[in-house]
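Q:
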Amino acid sequence: MNGITIALSKGRIFEETLPLLAAAGIVPSENPETSRKLIIATNRNEVRVVIVRASDVPTYVQYGAADLGIAGKDVLLEHGGMGLYQPLDLKIAKCRMCVAVPAGFDYAAAVRTGARLRVATKYINTAREHFATKSVHVDLIKLYGSMELAPLVGLADAIVDLVSSGSTLKANNLVAVEDIMPISSRLVVNQAALKMKREMLQPLIDAFAEATNAAGAVR
Ligand code: ATP
Ligand code: MG
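Residue numbers (this note's numbering): 1070 to 1288.
(1) With distances taken Cα to Cα, identify the nearest neighbour of I1239 among N1071, I1210, Q1131 and A1169.
(2) On the DSSP bridge assignment, give the partners of N1259 in chain order.
(3) On the premise that A1076 lies in contact with V1144, defined as a C-beta separation below 8 Å, what is that separation, rounded to the nearest angstrom?
(4) Examine chain B for any beta-carbon lying closer than 8 Å to the beta-carbon of I1075, and answer yes or no.
(5) Three or more beta-carbon pairs under 8 Å between the region 1230 to 1248 and the region 1155 to 1175, yes or no?
(6) Select from G1141, G1183, A1280 and D1230 the residue whose C-alpha is nearest the C-alpha of I1193.
(7) Would you please state the rounded distance, in angstroms, between the beta carbons of N1259 and L1137? I believe it to be under 8 Å.
(8) Does Q1271 pass the burial test, meaning 16 or more other C-beta atoms within 10 Å, or should it be called exposed?
(9) Which whole-angstrom value describes the C-beta separation of I1073 and K1264, a residue pair presumed to lie in contact below a C-beta threshold of 8 Å?
(10) Give the DSSP-derived three-state secondary structure of R1187 in the structure shown.
(11) State the start and end residues of the unbroken beta strand (DSSP E) segment that holds P1171.
(12) Report whether the distance from the Cβ of D1143 to the nearest heavy atom of ligand 1 is below 7 Å.
(13) Tell me D1248's beta-bridge partners as DSSP assigns them.
(14) Rounded to the nearest angstrom, what separates R1107 and G1080 at their Cα positions?
(15) Throw me the rounded Cβ distance for the L1159 and L1256 pair, which I believe falls under 8 Å.
(16) Beta-carbon within less than 7 Å of L1209's beta-carbon, same chain only, minus the 5 sequence neighbours each way: which residues are those?
(17) So is the beta-carbon of A1162 under 7 Å away from any non-hydrogen atom of ligand 1?
(18) Ignoring anything shorter than 3 residues, give me the beta strand (DSSP E) runs that lie fully in the region 1194 to 1229, in order along the chain.
(19) Could you check where the beta strand (DSSP E) with V1118 kicks off and where it finishes?
(20) What is the DSSP secondary structure of L1238, counted as helix, strand or coil?
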């Protein structure tokens, strides 16, 4: 494709990216929440948006099926970032990656006594690294969603998940006991595309950078 393809996931990333796109003069012609289309045109002939699963954004950009995309740091750490240039922290879709356990489970004591913990998570690589750094012995169980359920039904002692308000944890009688890292979404750009299509991509990257800093200044 001669134009620019942008990979986005629907939901919070799409919503929070709209103002950044607008700052770059790009307005998608449809809303992915209501449209079933996976390829969405924009007001600019040479720019289109493809709607993919959040965790698939780095893959589309890595292989050049999209020139750029927006992905959470959580997703990028699991993917590894091969072939991706990551010029900007867009400071959107902010949350924290945490260890959480059922209220009443003494995590600190379990760690102190060197107990082997079963931890369910979507973020196997990040979790493995975190617990290795802390010298906590864990068996990791890979899940694809609804991590909060795992400790409630005896699948795991703890979970590693993303937390923003904490209301999902609270609703399931879980508490965050350890912070792993702050999470926000990054702009990712295909490295080859950046060289071949620099004159089209650079103004977009610059507009995103400016809009991100402007948003930061207001907060
Ligand atoms: P799916 O819902 O398709 O399984 P997903 O859960 O990864 O995928 P989203 O819930 O839209 O998709 O999350 C997309 C990104 O938004 C995540 O990768 C993460 O960076 C960020 N995110 C996830 N949960 C929160 C949250 N509670 N608050 C703020 N940002 C979040
Ligand atoms: Mg989700």
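For glycine and all other residues, C-beta sits at the position ideal for the given N, C-alpha and C.
A: Quick answer:
(1) Sequence index remark: in the sequence shown, residue 1239 carries index 170 (1-based). Before going on, a small fix: residue 1239 reads as Lys here, not Ile. Residue A1169 holds the alpha-carbon nearest to the alpha-carbon of K1239 among N1071, I1210, Q1131 and A1169.
(2) Against the sequence shown, residue 1259 aligns to sequence position 190. L1153, per the DSSP bridge assignment.
(3) Taking the first residue of the sequence shown as 1, we reach residue 1144 at position 75. Taking the first residue of the sequence shown as 1, we reach residue 1076 at position 7. Approximately 12 Å separates the beta-carbon atoms of V1144 and A1076; this is outside 8 Å, ruling out the contact.
(4) Looking for chain B here will not work: only one protein chain is present.
(5) As far as the Cβ criterion goes, the region 1230 to 1248 touches the region 1155 to 1175, which means the pair count is three or higher.
(6) Start at 1 with the first residue of the sequence shown, and residue 1193 comes out as number 124. Scanning G1141, G1183, A1280 and D1230 for the CA closest to the CA of I1193 turns up D1230.
(7) As a first step, residue 1259 must be located in the sequence shown, where it is residue number 190. As a first step, residue 1137 must be located in the sequence shown, where it is residue number 68. Correct: roughly 7 Å between the Cβ atoms.
(8) Here residue 1271 is taken as the residue at index 202 of the sequence shown, counted from 1. Exposed: under 16 other Cβ atoms inside 10 Å.
(9) As a position in the sequence shown, residue 1073 is number 4, starting the count at 1. As a position in the sequence shown, residue 1264 is number 195, starting the count at 1. Not a contact, Cβ separation roughly 14 Å.
(10) Taking the sequence shown and counting its residues from 1, the one referred to as residue 1187 is at position 118. Correct three-state label for R1187: strand.
(11) By one-based count along the sequence shown, residue 1171 stands at place 102. That run of the beta strand (DSSP E) goes C1164 to P1171.
(12) As a working mapping, residue 1143 is identified with position 74 in the sequence shown. Remark: the C-beta of D1143 is in contact range of ligand 1, defined as less than 7 Å to any heavy atom.
(13) Walking along the sequence shown from the start, residue 1248 turns up at place 179. In DSSP, D1248 forms a bridge with C1167.
(14) Here residue 1107 corresponds to residue number 38 of the sequence shown, with the count starting at 1. Here residue 1080 corresponds to residue number 11 of the sequence shown, with the count starting at 1. Just to set this straight, residue 1107 is Leu in the shown sequence, not Arg. Straight-line Cα distance between these residues: approximately 14 Å.
(15) Against the sequence shown, residue 1159 aligns to sequence position 90. Against the sequence shown, residue 1256 aligns to sequence position 187. Indeed they touch by this definition, with Cβ atoms about 6 Å apart.
(16) Taking the first residue of the sequence shown as 1, we reach residue 1209 at position 140. Non-local beta-carbon contacts of L1209 in its own chain, meaning distances under 7 Å to residues more than five positions away in sequence, involve V1188, T1190, I1193, A1196 and R1197 in chain order.
(17) Stepping through the sequence shown from its first residue, residue 1162 is reached at position 93. Flag set: Cβ of A1162 near ligand 1.
(18) Secondary structure in the region 1194 to 1229: the beta strand (DSSP E) runs of 3 residues or longer, each lying completely within the stretch, are 1207 to 1211 in chain order.
(19) The sequence position of residue 1118 within the sequence shown is 49, counting from 1. Where V1118 is concerned, the enclosing beta strand (DSSP E) stretches over V1116 to I1120.
(20) One-based indexing of the sequence shown puts residue 1238 at position 169. DSSP places L1238 in helix when its eight states are reduced to three.
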